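Residue numbering for the sequence shown follows my numbering, beginning at 13 and increasing consecutively.
Below is one structure, written out as structure tokens, with a few remarks after it.
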Amino acid sequence: MTPASRPRAVFTPTLIAAAVAGLVCASALPRAVAQSAWTSAPPYADMARADWFNAANWSAGVPGAGTAVTVNLVPGTVVGIVSGPASAASVDASNGTLMVVEGAGRLDTGLFNLGSSDGRDVQTLLRIGSGGIVNAARFVSQGGGGTEHTVSLSGAGSALNVAGELQIGRSGTGMMQLDEGARVSAGTLQIGQASTADGHVLVIGETPVDALVAERIVLATPGSTLEISRAGTAPLVLGAAISGPGRLEVSSPVTLTGDNTQSGDIVLGSTLRVGDGANAGSVTGNLSGFGRVVFDRGPGRVAYDGAIGGSIAIDKENAGTLALGGAHDTDGRTRVLGGTLLVNGALPRSTVEVAGGATLGGLGQVKAATVRAGGTLAPGDGGVGTFAVLGDLALDPGSRLHYDLGTPGVPGAGDLVTVAGNLTLDGSLDVSERVGYGNGVQTLMRVDGSIADNGLELGAMPTDFTHAVHVRGSTVELEVSGGAVGTNQFWDGGGTAGDGVVAGGDGNWRYLEPQWTDIAGRNAEAWNGNMAIFQGRAGAVTIDGLFDFKGMQFRSDGYRLEEGSHAEGSLPGRLVPQLPEAPVRVDAGVTATFNVGIEGPGGILKTGPGTLVLAGRNDHGGVTAVDEGVLRAGRANTFSEASHHDVRRGGTLDLAGHDQTVAGLTVAGTVSLVGTEPGTRLTVRGPYVGQDGTLRLGTRLGDSGSLSDRLVIDGGVREETRALKAGTVSATATGLRANAAASVTGRTQVQIVNLGGLGALTTGDGIEVVSAINGATTTAQTTRDAFALVGGHVDAGAFEYRLHAADAQGLGENWYLRSSVGVTPPPPPPPPPPAPPSSGGGNPQPPAPPPTLPPAPAPVERPAYRVQVPMLAALPAQLRESDLTMLSNLHQRSGAPQAAGDGPPMRRAWGRVIVADPTLAQRGAVDPRSEMHLSGFQAGTDLWAGTAWRAGVYVGQLEGKAQVQGFASGLWGAIGRTDLRSRYIGGYATFAEPGGFYADAVLQFGRHDYTAQPLAALPIEGKGRSTVASLEIGQSFELGAGWALEPQLQLIHQSRSIDEALIPAAVVSQDSANGWMARAGLRLKGRIAAGEGVVEPYGRINLYRMAAGADIARFAGPAASTDIASSASGSAAELAGGFSWRIGPAVSVYGELGRRFALGGGLRSRASVQASAGVNVRW
């Protein structure tokens, strides 16, 4: 970009040195008391005539500190050559002016306004030459046309010092250029004016490194630019805080030390250094071009989340940490020369080199990487993470790897590096241990290409363990052994001893036989009782004898540990843990099965995300803990009855449908009894401690006799007493003693899995899911908070099941699922008091005994229907009401008919708007009530019109909302809202004769969309269709004086179909009542002349009788269903008043307002407002 290519604002290096003095001077100027305008016009005989100090050039003499100066001459004027000290209160140079300040010239002023503020195309220029200084409190370059620069500073000592705001470009494009020793200083340099003007500032030539000093630089518009293109290699230092959407162009070295928030692009053709080696300097905009960006911050962490593109090279220097986010497309190289570079985004085209003393890490990806001696590769960002190299990774001798490692075999528990290319492995490894670190094999790297293994040495490692690095196939692994678990041994029963391969596979685990090896497969060893690792080819490992162990890890899927066959030469196989919690780690995606039993006083700790299946005869007395993954039962009664089972967060104890008994249970994770059929029992003969974990039970949700999984808390301890009799006969007696520890404490979430239940009404206690026997307690008689149902309820068919403590009478410690709610009716009124004793003669009578109070009524069980039931039960009635609102009657729909003899027959086009607020209360299983609001339009036209007959079509649409109430969860109340949209097309044929008789037949088709939104449940969307046929007749009888009485009769038949709806655990179908409705009406109408038109007011009373039976909402499961009936029959009355006003021979308007009242029946239909208004045009 050249200076002549567009108008520019210019900075020169000399300006900054004089900034402070100018600011002080300008701010101290006195208030203006006079005005003086430049009056001398060109051509000048000599330049002296343009001298600022020539009094002849001014309207009121040479300006002073209190004078406001105005310069407004024709383009090309050379005015005000300031060659000595000058001052003014303000300067307004607004047209055709070249002001020159040079030599010993100095101009001190308040506001300096340069250019036309009204946007005229002018060439108002300011040139500050060598030695010239302009000091201003505020400087505004309005901008304007022309090819020369608005502000130009050039030459040694030239300076522009602005105490406050220096704005380049306000009403037009402003330009400023600094060259050859110029300096500019300002409080705020604003380039451009938001939404009105752009600005451009160019720094070129031999300007000093501090040529531009400001507290803030605002690039106010996307078109505003700060361009640095200086001579020399020393960088221009910008300490200002740069902001705004404008653009920064760097063609010579620049150092940013301000707190920058600029969002515009930064185009590099040179070096941009961010930071001063300490704690200053930042960048936020996107970088493009072909230069170099250097991040040079001191200690601490900074982030750059922009995008670096083009061919920009990236250097990270100094001791701080740079977190590089975002996606970067640069193909320039990246060097980490100091501190830490965290690539958390993507550098897929940049090769990274890590120098000595520097660190590369993060969670992102790079094209390739080389780590030099003394450099470090540390995947992750302050924690565990994965770092990806898309090409080759080279670790030089003396380089370092730093890993955070936790539980072996658990994805995400340890750092990982993936290499898509080739790996050169060298240097040393440092490890920081995290939770779960211990014996086993950790994967450090996965490599797609080749591995050149030059040996990775061990550096700083966790104590108490022995470590070894191995390359196995395409992975680099760390073997951890020692500690409490001891040394590692790898199963090699199916391989050849000492062949350098850990084959795994089938085999017999026997005493003193060398089925074990090290991680490299170099040695053949007998079992040493410590840590067993199973990898390679999975197989069946038959255990012959009792074998101690301190830990196990399964790295391959499908291993089975089998019990010996007890045949000659084969001992019963058993495993004996030697630690209170001997870890059994199963890696991700791996399932291992123990068909062998575990015995002894020790316990096991299931770790790793895989699945361990227990199917042996286990009777160990230590804890069975599940820390991660799944511990599953492979058969009934495989869990040790002597072991307390501790299910921790992240772990799952899965009975898989097999009955089990345990000595105690702690639930912080998940305990699942669910199998293919309900009925599984988990018996706990000791303390049950809920720690906000989850208990999953399978239940066939139906009536009270339905099968369900069950948690049983047993307060009795079985004791066997054996008595020896004569000879070899013996007898055994079994008894129970109380176990006070068998109680439930804490809290547990219960999740019910419906196993084929269709939903039904429970009676009595309900479905038992938690049992307390032999004196055990469950809080059912105290706080009742040990168990809570996930989501508060579970649904099946039409019913909602909730969890209840104690039986139906409130007794006992069991817990039940019920789809009914006990409701106590109000007590009967007390009997009247006895009559007072008689006070007449004779013996006094004793007072009458007090009346016997009637017994309190027994609670009544009410079904607990799910919230969707009343919502969907109300739907057919809502659609029926929409159909009838659109159908209406002849006079509501199109106004008064044209009778034969009432002028020549003419076709009509008509339309009306409709508003109605009906309320529908239906008797039925859930007593739904819908408070509706309907609004829409109807428009039609005659297709044929004769003397007495006419026929036509109409279309219409109604939007509706219905607030629905009904019985749900055993209570009646608000349960949700339904939104309706109905679209109609209909046809009609109307007959009218002069004697006042008319007949109107209508056939109407509707299509409906609905969205039912129950409270605290997912919305239900569906569609429907309807057909309505109507025949209406009426006969008018004249009463005299323009009034007539018109009896009416209308017969309507309706039918509709509604699509099935899917809700959780049910399919809902609608059997909408299709039936008849009759209307009998009496209309009193008048006829009043109104100018050229006629007004026909009327009042009407209607009686409605709906005989449609009941609407059925059917909630179906796989093999049964529940029908919810709601009445569709009832009676109503309607009062309405309306008019038809024939404005002229071709146009009439009509309207009606009415109200409907419920009279009786199972459907009570009323409406607070029914209104419509329309226009009828004859043609």
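Cβ coordinates follow ideal geometry from the N, Cα and C atoms, glycine included.
Predicted model, so just to flag it, every value in this text is computed and none were measured.
- Counting only runs of 3 or more residues that sit fully inside the region 952-1030, the beta strand (DSSP E) segments are 961-980, 983-1004 and 1009-1026, in chain order.
- Only residues of its own chain outside the window of five on either side were considered, and among them I725, V756, V782, A784, A798, E825 and W827 have a CB closer than 7 angstroms to the CB of T790, listed in chain order.
- In terms of Cα proximity to R1168, the closest of L1147, Q590 and P1157 is L1147.
- According to the DSSP secondary-structure assignment, Q763 is paired through a beta bridge with R708.
- Comparing alpha carbon positions, the residue from A800, V806, A1179 and S832 closest to A817 is A800.
- When only Cα atoms are considered, I1113 and S1160 end up about 24 angstroms apart.
- For G471, the closest C-alpha among the options D438, L238 and E192 is that of D438.
- Ranked by how close their Cα comes to the Cα of L617, the residues T682, G803 and G641 have G641 in first place.
- A98 sits buried, since 16 or more C-beta atoms from the chains shown fall within 10 Å of its C-beta.
- M898: member of the alpha helix (DSSP H) spanning L887 to L899, first to last residue.
- Its chain contains G541, N542, M543, A544, L587, V588, P589, Q590 and A594 as the residues whose beta carbon lies nearer than 8 angstroms to that of F561, once the 5 sequence neighbours on both sides are disregarded; these appear in chain order.
- Beta-bridge partners of A1185 (DSSP): V925 and G1163.
- Within a 10 Å sphere around the beta-carbon of E469 sit fewer than 16 other beta-carbons, which makes this residue exposed.
- When the beta-carbon positions are compared, T692 and D671 come within less than 9 angstroms of each other.
- Membership of Q1047 in the beta strand (DSSP E) is indicated by the continuous run I1032 to Q1047.
- In the structure shown, P360 adopts extended strand secondary structure according to DSSP, grouped into three states.
- Taking 4 residues as the minimum length, the region 419-487 contains no alpha helix (DSSP H) run wholly inside it.
- One alpha carbon belongs to V249, the other to D222, and they sit about 6 angstroms apart.
- Residue burial annotation: E261 is buried, with at least 16 other C-beta atoms found within 10 angstroms of its C-beta.
- An exposed status is given to Y523, since fewer than 16 other beta-carbon atoms sit within 10 Å of its beta-carbon.
- Along the length of the region 646-720, whole beta strand (DSSP E) runs at least 3 residues long occupy 656-659, 663-666, 672-674, 676-679, 682-684, 693-696 and 700-711, reported in chain order.
- Sequence-distant Cβ neighbours of G681 in its own chain, meaning closer than 8 angstroms and more than five residues away, are V638, V659, R660, R661, G662, G663, T664, L665, G705 and T706.
- Contact annotation, L709 with L685: C-beta distance approximately 6 angstroms; criterion of less than 8 angstroms satisfied.
- Its Cα nearest to that of G211, the residue E239 stands out among E239, T219 and V196.
- At a Cβ-Cβ threshold of 9 angstroms, G357 and A339 count as neighbours.
- Using a 10 angstroms sphere on the CB of W50, the tally of other CB atoms reaches 16 or more, which defines it as buried.
- Cβ contact annotation for G461 (same chain, cutoff 8 angstroms, sequence separation greater than five): D404, V431, A432, G433, N434 and L435, in chain order.
- Annotated three-state conformation of S282 is coil, per DSSP.
- Taking a 10 Å sphere around the C-beta of T237, we find 16 or more other C-beta atoms and assign the residue as buried.
- Secondary structure remark: continuous alpha helix (DSSP H) runs of at least 4 residues inside the region 344-415: none found.
- Where Q904 is concerned, the enclosing alpha helix (DSSP H) starts and stops at L902 to S906.
- Taking a cut-off of 8 angstroms for Cβ pairs, the region 389-407 and the region 417-428 touch, as three or more such pairs fall below it.
- Per DSSP, the unbroken beta strand (DSSP E) holding F559 starts and ends at L558 to F561.
- Sequence-distant Cβ neighbours of W521 in its own chain, meaning closer than 6 angstroms and more than five residues away, are V553 and I555.
- A direct Cα-to-Cα measurement between S1042 and L1063 gives close to 6 angstroms.
- In this structure, G495 sits away from G421, with a CB-CB distance that is not shorter than 9 angstroms.
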